[in-house]
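Residue numbers (my numbering), protein chains in the order written: chain X, 317 to 637; chain B, 3 to 247. C-beta: ideal position from N, C-alpha, C; glycine also. The structure appears below as structure tokens.
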Amino acid sequence: MSILIFVELDNGSIKKTSLEAVAYGAEIAKVKGTTATVLAIGNAETSELASAGAYGASKVLHANAAELATENAMAYASVLAAAVQQEGAEVVILPKSGLCDSMGARAAAKLGASIVSGVTELPDLTDGFKVKRSIYTGKAFATVAVKGAIKILGIKKNAIEAIAGSGSAEVVGFAPALGSGDFVAKVISQEKASGELSLTEADIVVSGGRGMKGPEHWQPLLDLAQSLGAATGCSKPVSDLDWRPHHEHIGQTGIKVAPNLYIACGISGAIQHLAGVNSSKVIVAINKDPEAPFFKAADYGIVGDVFDILPRLTKAVKESK
Amino acid sequence: MKILVCITNVPDTTAKISFTDNDTKFNKAGVQYIIGPYDDYALARAVELKEKLGGTITVLNVGEAESDPQIRKALAIGADDAIRVNCDPQDSYFTAAQIAAIAKEGGYDLILMGRESIDFNSGVVHSLVGEMLGIPSFSPVMKLDIEGSTAKFAREIEGGKENLEASLPLVLGCQEPIAEWKIPNMRGIMTARTKPLKVVEPVAVDELATLDKYTLPAPKGACKMIPADQAETLISLLKTEAKVL
């Protein structure tokens, strides 16, 4: 048996959450006395892929056919299933993301595998194979006994700390036969904000609510985010009002984030918003209303006017560097 | 146009989550149940497509009898008939296999559901169903139009969206802003009472994952309040105390 880990690439670099997935898979491999193999799909330099070795992978399968350059969950699922079969993998690790959930699921259906998404900790191997996963949008956890001969796990950000060691993985080409059935959709166009930090990958997120008073008042928030190297998000009312784009909406029905630091500016803290941020390590709430529910969910709070406080925080960040 | 809309019966988004029976069962006492918010978007778009193109909408729930009020609500919103697979689903693969079994019999052009359920948040059932049926699946879909036998739709991707075209049949996991939620009117509520709701027993599926127990997160410590006139100290606290900068 072996452990197979799928890594997502962003412009040829392995994403941080994917490195956590490698570390997670390598840890299981160590306990089971086997090896961890990585699967990467799309364009990337061999040296970048070999760096997965520093997180415990011994080998990287690189599928780089031209048809795979664009993200395609169905085709990626076929490649993943082929890799599982070639390697005889019994445990498959993917970072939790929209792409990985879709491709992991289609691979699971091809292989008759167990699939558990939203895993938050290393498995308990003392009595079978048990994992803890996030449920009720971060409001609780479930321990699940995973029973399939092949187990596919989608792991949440921060399930494990990825610490780079030394070591380099051997990179080998992987070119399974691709069926035309996986390429039936025609991509008409992509509209993508360029140069934006990914919300789900970011270590720091600065987010604004209706207390920001309008899209024209967003600059102080953007300035603070920039000084911190943070991604920016917003509450549902803000994206509903079109003050900010929909892909910034954080909450129960939007994006769920799990940064080390989440700074909420002028967001009251409705339970639906908190559901999208409750996996953050440290939460800061800034609101002029001392009764804002966010203060009950936050670690640090400031009662005051965001337009007074944000520029001062930006200045303090710059001075502390 | 035959549309199948799969709905979940889930605790309201504001529900307090707790467990009973030695943390092995969800505590339903005092909890209000709703149609899954993402499924509700899928249903709303299905109703709009039916108004435009004609056809029928079947609503499907994999769940126990307590789902019936939510199924009736979906019928009141505009579905024509309903099927409930009578069981307490605990695993995505199991749930998907039930949906696939119903879908195989029905021959639907379009299978819509939410991008994920808000109880288990797996976000995998649409893709499992697609693969089980051997048809394409896409998620999360935020815009959907049908022209002839072609679906023109947009999917949210990281930092933006992707516009796609594909031939029916398809399985789509939906999210806002695909449509506005619909509130049933009085006529809908009256007619929903007599619309057919068929209850079927589940097909057998290998046991691939089972729930062992539930846990709640550790309670959050008190929020440390920083006076507004000393806001700058937040940055040093984040550095030295919280160690996140």
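In DSSP terms, what residue i is bridged to
i              : result
H378 (chain X) : X:A356, X:G489
D111 (chain B) : DSSP, once it has assigned bridges, lists no residue as partnering D111 (chain B).
S430 (chain X) : X:K467
L172 (chain B) : B:L112
Q506 (chain X) : B:E164
C89 (chain B)  : For C89 (chain B), which the question treats as bridged, DSSP gives no partner whatsoever.
I587 (chain X) : According to DSSP, I587 (chain X) bridges with nothing at all.
G549 (chain X) : X:S523
M227 (chain B) : X:G617
Beta carbon of residue i nearer than 8 Å to that of residue j
i              : j              : result
P204 (chain B) : N88 (chain B)  : yes
G570 (chain X) : K552 (chain X) : yes
A44 (chain B)  : G161 (chain B) : no
K145 (chain B) : E507 (chain X) : no
I599 (chain X) : A614 (chain X) : yes
S636 (chain X) : I237 (chain B) : yes
C581 (chain X) : L513 (chain X) : no
A425 (chain X) : D498 (chain X) : no
V12 (chain B)  : K184 (chain B) : no
T217 (chain B) : D25 (chain B)  : yes
V532 (chain X) : C550 (chain X) : Looking at the sequence shown, residue 532 (chain X) is not Val but Glu. No.
C225 (chain B) : G525 (chain X) : no
S484 (chain X) : A366 (chain X) : yes
T140 (chain B) : L174 (chain B) : In the sequence as displayed, the identity of residue 140 (chain B) is Phe instead of Thr. It is a contact, given that the beta carbons lie within the stated cut-off.
V400 (chain X) : V487 (chain X) : no
I19 (chain B)  : L112 (chain B) : no
A381 (chain X) : P138 (chain B) : no
I1 (chain B)   : T459 (chain X) : Because chain B is modelled from 3 through 247, residue 1 (chain B) falls outside the range shown and cannot be assessed.
Alpha carbon of residue i to alpha carbon of residue j, nearest angstrom
i              : j              : result
K604 (chain X) : V619 (chain X) : 5 Å
I468 (chain X) : F445 (chain X) : 12 Å
N165 (chain B) : T10 (chain B)  : 27 Å
V126 (chain B) : T97 (chain B)  : 10 Å
V408 (chain X) : I466 (chain X) : 8 Å
V521 (chain X) : T58 (chain B)  : 44 Å
V33 (chain B)  : A78 (chain B)  : 22 Å
H378 (chain X) : S334 (chain X) : 15 Å
E607 (chain X) : K197 (chain B) : 47 Å
Q100 (chain B) : R86 (chain B)  : 10 Å
F21 (chain B)  : A456 (chain X) : 10 Å
A342 (chain X) : P219 (chain B) : 27 Å
L114 (chain B) : K75 (chain B)  : 17 Å
Neighbour list for residue i in chain B, Cβ cutoff strictly below 9 Å
i              : result
R560 (chain X) : None at all; the shortest Cβ gap to chain B is about 13 Å.
R628 (chain X) : A233, E234
G434 (chain X) : F122, N123, S124, G125
I409 (chain X) : Going along chain B, no residue has its Cβ under 9 Å from I409 (chain X), so there is no contact; the nearest lies around 15 Å.
Nearest-angstrom beta carbon gap, residue j and residue i [assumed within contact, 8 Å]
i              : j              : result
T350 (chain X) : S329 (chain X) : 27 Å between Cβ atoms; not a contact.
L325 (chain X) : A356 (chain X) : 6 Å
V435 (chain X) : A368 (chain X) : The Cβ separation is near 20 Å, so there is no contact.
S94 (chain B)  : L130 (chain B) : 6 Å
A337 (chain X) : I471 (chain X) : 6 Å
E383 (chain X) : L494 (chain X) : 6 Å
V593 (chain X) : I566 (chain X) : 6 Å
A153 (chain B) : R47 (chain B)  : At roughly 11 Å, the Cβ-Cβ gap does not stay under 8 Å, so A153 (chain B) and R47 (chain B) are not in contact.
S523 (chain X) : T548 (chain X) : 7 Å
V432 (chain X) : A84 (chain B)  : Rounded, the Cβ-Cβ distance is 29 Å, inconsistent with contact.
A574 (chain X) : A546 (chain X) : Not confirmed; about 14 Å, so no contact.
T15 (chain B)  : Q568 (chain X) : 5 Å
P439 (chain X) : I321 (chain X) : Not a contact, Cβ separation roughly 14 Å.
Interface partners of residue i on chain X, CB under 8 Å
i              : result
I228 (chain B) : Y616, G617, I618
Neighbour list for residue i in chain B, Cβ cutoff strictly below 7 Å
i              : result
A442 (chain X) : Note on identity: in this sequence residue 442 (chain X) is Thr, with Ala being the wrong assignment. Neighbours of T442 (chain X) on chain B: none; closest Cβ ~13 Å, over 7 Å.
Y452 (chain X) : I19, D121
S496 (chain X) : Within 7 Å Cβ-Cβ: nothing; S496 (chain X) doesn't reach chain B, min ~12 Å.
M390 (chain X) : P138
K299 (chain X) : Since the first residue shown for chain X is 317 and the last is 637, residue 299 (chain X) is missing from the structure and cannot be characterised.
F322 (chain X) : Those do not exist, as F322 (chain X) stays about 14 Å from chain B at its closest Cβ, beyond 7 Å.
V488 (chain X) : Within 7 Å Cβ-Cβ: nothing; V488 (chain X) doesn't reach chain B, min ~27 Å.
D539 (chain X) : Neighbours of D539 (chain X) on chain B: none; closest Cβ ~14 Å, over 7 Å.
Contact set between residue i and chain X, taken where Cβ atoms lie within less than 9 Å
i              : result
Y40 (chain B)  : T569
Q177 (chain B) : T569, G570
V87 (chain B)  : Those within 9 Å of V87 (chain B) in chain X number zero; the least Cβ separation is about 18 Å.
M115 (chain B) : In chain order: nothing, as chain X lies at least about 13 Å away.
K330 (chain B) : One cannot answer for residue 330 (chain B) here, as it falls past the ends of chain B, which runs 3 to 247.
S141 (chain B) : A389, G414, D417, S418
Amino acids of chain X, ordered along the chain, whose beta-carbon sits closer than 7 Å to that of residue i
i              : result
T193 (chain B) : What T193 (chain B) touches in chain X: nothing, since even the nearest Cβ is about 29 Å away.
K215 (chain B) : T459
L210 (chain B) : S430, K463, G464
Contacts that residue i makes with chain B (C-beta to C-beta distance below 8 Å)
i              : result
N576 (chain X) : V246
R422 (chain X) : S129, L130, G132, E133, S139
Quiz prompt | Proximal residues, the stretch 43–58 of chain B versus chain D, C-beta separation under 8 Å | solution = Of the chains in the structure shown, none is chain D; the protein chains are X and B.
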